[in-house]
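Written below as structure tokens is the structure these notes are about.
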Amino acid sequence: MNKPSQRTAADMAPEQKVKFYQKGTFTVGNRLVDADSRNVQSSMDRSNAITSGHRACQGCGEALGARYALDTAMRVTGGKMMAANATGCLEVFTTPYPETSWQMPWMHSLFGNAPAVASGMQAAMKAKGKTDTRIIAQGGDGGTVDIGFGCLSGMFERNDDVLYICYDNEAYMNTGVQRSGATPGGARTATTMPTDADHPGNVFGTGKNLPRIAMAHNIPYVATASVAYLQDLEAKVEKAMSFKGARYIHVYVPCPLGWGCASNATISLARLVVETGMFPLFEAEHGAVTSTRPIRQRVPIEQYLKPQRRFAHLFKSPQGQEAIEKLQAMCDRNIKDYDLLRETEETPA
Amino acid sequence: MLKQLEGSHAVAEAIALCRPEVICVYPISPQTHIVEHCGELVRKGEMGNCEYMNVESEFAALSACIGSSACGARTYTATASQGLLYMAEAVYNASGLGLPIVMTVANRAIGAPINIWNDHTDSMSMRDAGWIQLFAETNQEALDLHIQAFKIAERLSQPVMVCMDGFILTHAYERVDMPTQEQVDQFLPPFQAQQVLDPVNPYSIGAMVGPEAFTEVRYLAHEKQLQALDVIPEIASEFKEIFGRDSGGLIREYETEGADTIIVTLGSVAGTVKDTVDEMRAAGKKIGVVTVGSFRPFPSAQLREAVKNAKQVVVLEKSFALGFGGVVANNIMMSLQGTGIHVHTVVAGLGGRPITMPSLHKLFEKALADELEDMQFLDLQWDIVNAELARQRAQINSGPVAESILKNIQVDTAYGGAASHAAT
Ligand SMILES: Cc1ncc(C[n+]2csc(CCOP(=O)(O)OP(=O)(O)O)c2C)c(N)n1
Ligand code: SF4
Ligand SMILES: [Mg+2]
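Next comes the structure, spelled out in structure tokens:
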């Protein structure tokens, strides 16, 4: 099994006190809002795609994201759906035989082929005249932006009736936190160690902006989401399921183990990444952006970086400072490109 | 119905008769004509609801087959050479998952140097992947084997590879007896999957298995291969009942009665070997032929029985395990362990080099005279090999081997001419 060892976990995650509520967030408990604004998970008869008992780490953003995404898909399809899963944490922590958390037809084939497996599944459904059974493919950032990229682009280009969901924790977590094409500049991973001041973590390239690449295929629907905004994620999955053809949702999912952050920092980091402008939340239809989520309280990038050990070295050298400036510049650029600081009447969920 | 058809078209028509539901394709010579014709038949509406998918790589082609087969759809693809290697990970995965996919391999060499012509290196590289591997001798047999392949695959819930020699069979026009739809329907019932993804009865396919059960799971996959040793001949005889001809099966014997020397081979070269043997038999020589129809599972017991009265076996194969010797021969040696029958390995026909009757005559005469080496390369040009070895010894920066050999060789226009406009 490829799970990172306990030693690394202990090494990276700071000790933490258990808290029963979250400070400094806009989260309102389900019981305090109107029944129709409550999220699906609070309903007694909610769908249940991934049942409890799986082996994800405490605070795993991927487990949270997958659960909300698939429960929503399950609800809107009336359970008529099945999924192809790439190798990775999600696959491993939900299964080893004879156990499985999946309460829906689920298949794991390989690391790099989930989009193609899903294409084959939808072809079979077409041939059998059962197109009301919908197909979902899912994988981590490595399985999506790197090794599965060719298959994903093929699935998009053919406009196969598949919703692909990428759970982005910005590294190869299942094999012990190595760099992927989605790892941000400056980040420490097991293959981008900040050995000295001249090597401040991951290199800066142009990045691989998969939501944008997906849009370039002119597919019906593309969206980004973050596990800090679960109702937004649910709404986007629901919207995605209303389209036929290839659809893509990129979900930002913090990984406490790989990032060296506290287990209870998952939601706050998933919010900070949006509020800094680092990860813009938007939707696009047929290649054009149709909605963006404005930033309510602009936050400097340091606030997002500091709770994560993977960025700790950046605060210790001038080269690290340069990296922080580059990251801030990326946020500024996103804020401008997506007009994230616009005046708005909207009160996002 | 008798038809004069290109081998590839005959196979495509046979596939159509099997009512596949999903066909996933990615082109590579010499498989192209098969998948092109399948596409044409789908577009003309001659394959019912069949979904024909043009995908972006062989890896995607077989992966899509995995998805579709797991949904209970009868699924087909075809490839060759580099394409088979490109999908290697999915080849093992399909059999590990027990999915009855049928795939044609239009046998072709593997580069470098890139070479589009026929040998068996491609499918042999996947011999341990858990697929059933059937080898066709003629176009008629290629056609028939595809119809049988779906039945074998679905009965065992294991994938089947039908290997047919690239160009030699795929591109040859021959007369074939094309079955009717009624016959094929009578022979091949609709696909009933052993496991199927279905929201009504959801389960998880392809999860991890640890050391506590992995050996047992692998053994059971081997057990499927052992069962295939019964199923393949059974289905060949069911085929004969409906279609009236012998096709398929584990091995085929030719003039083995009273033969001291038996040539064992597989694929289309069996025709040339049999012609040579006919001439030698006419001259009173005690020589016979056994053709291997199923390379996986390997029919060890049947082979042992077929050659038990011979003194020596000459394995003529278009594959080569570098650093060791013959691939097929190795399997045969293992099968004949303890019998005292001497096994010779002859590697021949690599990268499309013709295997001619004069060369075979010389080879077989040498065998009959007890002068054949244990390991032999048919028509290997030793002068060229030795000259190149000498050059490499003399010069450290000796450059690309293949280039310098070709500079020194008198290129036969039959190869050089074809190479200049080969579709790779
Ligand atoms: C072809 C292949 N290469 C490498 C691996 C090893 N591997 C398995 S999971 C994994 C990392 C997965 O990373 P990601 O897709 O980001 O998912 P995560 O575990 O982070 O959720 C790797 C490298 C593999 N299983 N198959
Ligand atoms: S390593 Fe990260 S992604 Fe994997 S289970 Fe743990 S928290 Fe989740
Ligand atoms: Mg990852």
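Each protein sequence line maps, in turn, to chains A and B. Under my numbering, the first residue of the first sequence is numbered 1, with each subsequent residue one higher. Under my numbering, the first residue of the second sequence is numbered 350, with each subsequent residue one higher. All C-beta atoms in this analysis are idealised placements derived from N, C-alpha and C, irrespective of residue type, glycine included.
Any beta-carbon of chain B closer than 8 Å to the one on Asn-113 of chain A?
yes
Alpha carbon to alpha carbon, what distance is there between Ala-437 of chain B and Ser-412 of chain B?
11 Å
Quick one: list the residues of chain A neighbouring Glu-503 of chain B, beta-carbon separation under 7 Å, in chain order.
Those do not exist, as Glu-503 of chain B stays about 15 Å from chain A at its closest Cβ, beyond 7 Å.
Assess contact between the segment 496-506 of chain B and the segment 666-681 of chain B, defined as three or more Cβ pairs (one per stretch) separated by less than 8 Å. Is contact present?
no
Check distances from the C-beta atoms of the segment 515-548 of chain B to those of chain A and list, in chain order, the residues that come in under 7 Å.
Leu-546, Asp-547, Pro-548
Just the chain C side, please: which residues come within less than 8 Å of Leu-110 of chain A by C-beta, in chain order?
The structure shown contains no chain C; the protein chains it does contain are A and B.
Kindly say whether Lys-336 of chain A, judged by its beta-carbon, lies nearer than 8 Å to any beta-carbon of chain B.
no
With C-beta atoms as the reference, is Pro-376 of chain B less than 8 Å away from Thr-424 of chain B?
no
Do Thr-610 of chain B and Ile-581 of chain B have their CB atoms nearer than 8 Å?
no
Taking a contact to mean a Cβ-Cβ separation below 8 Å, would you say Trp-106 of chain A touches Ser-553 of chain B in this structure?
yes
Just checking Asp-146 of chain A against ligand 3 - is the residue's beta carbon closer than 7 Å to any of the ligand's heavy atoms?
no
Of all the residues that make up the segment 268-291 of chain A, which are near chain B by a beta-carbon distance shorter than 7 Å?
none
Quick check on Met-475 of chain B - is its C-beta less than 8 Å from some C-beta in chain A?
no
Say whether chain B places a C-beta atom closer than 8 Å to the C-beta of Gly-150 of chain A.
yes
DSSP three-state assignment for Lys-756 of chain B, whether helix, strand or coil
helix
So what does DSSP say about His-469 of chain B, is it helix, strand or coil?
coil
Return the chain-ordered list of same chain residues with a C-beta closer than 7 Å to the C-beta of Met-629 of chain B, the five sequence neighbours on each side being excluded.
Ile-636, Phe-713
Which residues in the same chain as Arg-476 of chain B place their Cβ atom closer than 8 Å to its Cβ, once the five residues preceding and following it in sequence are excluded?
Gln-482, Phe-644, Arg-645, Val-676
For Tyr-21 of chain A, which residues of its own chain have a beta-carbon under 8 Å away from its beta-carbon, when the five flanking residues on both sides are left out?
Below a pLDDT of 50, predicted positions are generally treated as unreliable, and Tyr-21 of chain A, at 47, falls in that range; the measurement from the model is reported next regardless. Result list for Tyr-21 of chain A: empty, nothing under 8 Å.
May I ask you to list, following chain order, the residues of the segment 661-693 of chain B that have a beta carbon less than 9 Å from some beta carbon of chain A?
none
Let me make sure I understand the geometry here. Which of A:Gly-53, A:Gly-120, A:Val-274, A:Val-162 has the alpha-carbon closest to that of Arg-298 of chain A?
A:Val-274
Counted within 10 angstroms of its Cβ, other Cβ atoms place Leu-327 of chain A as buried (16 or more) or exposed:
buried
Are the CB atoms of Pro-548 of chain B and Gly-79 of chain A nearer to each other than 8 Å?
yes
Going along the chain, which residues of its own chain have a beta-carbon closer than 6 Å to the beta-carbon of Arg-310 of chain A, five neighbours each way excluded?
Ala-187, Arg-188, Trp-259, Gly-260
Residues of its chain near Ala-655 of chain B, where Cβ-Cβ distance is below 8 Å and the 5 sequence neighbours each way are ignored:
Ile-600, Glu-602, Thr-605, Ile-611, Val-639
Is the closest heavy atom of ligand 5 to the C-beta of Tyr-172 of chain A under 7 Å?
Absence of ligand 5 from the depicted structure is noted, with ligand 1, ligand 2 and ligand 3 being the only ligands included.
With DSSP collapsed to three states, give me the class of Glu-720 of chain B.
coil
Do we get a CB-CB distance below 8 Å when we pair Glu-565 of chain B with the residues of chain A?
no
Can you tell which of A:Asp-161, A:Gln-178, A:Glu-157 has its C-alpha closest to the C-alpha of Gly-143 of chain A?
A:Gln-178
Using the beta-carbon count (16 or more within 10 Å), is Lys-336 of chain A buried or exposed?
exposed
Can you determine whether any heavy atom of ligand 2 sits closer than 7 Å to the C-beta of Phe-93 of chain A, and answer yes or no?
yes
Here's the rule: buried if 16 or more other CB atoms are within 10 angstroms of the residue's CB, otherwise exposed. What is Ile-745 of chain B?
exposed
Within the continuous beta strand (DSSP E) that includes Asp-526 of chain B, where are the two ends?
522-526
Rounded to the nearest angstrom, how far is the Cβ of Ser-596 of chain B from that of Asp-493 of chain B, given a contact under 8 Å?
4 Å
So which residues of chain A does Phe-408 of chain B contact, with C-beta pairs closer than 8 Å?
Gly-112, Asn-113, Ala-116, Gly-150, Cys-151
In this structure, does DSSP put Ile-295 of chain A in helix, strand or coil?
coil
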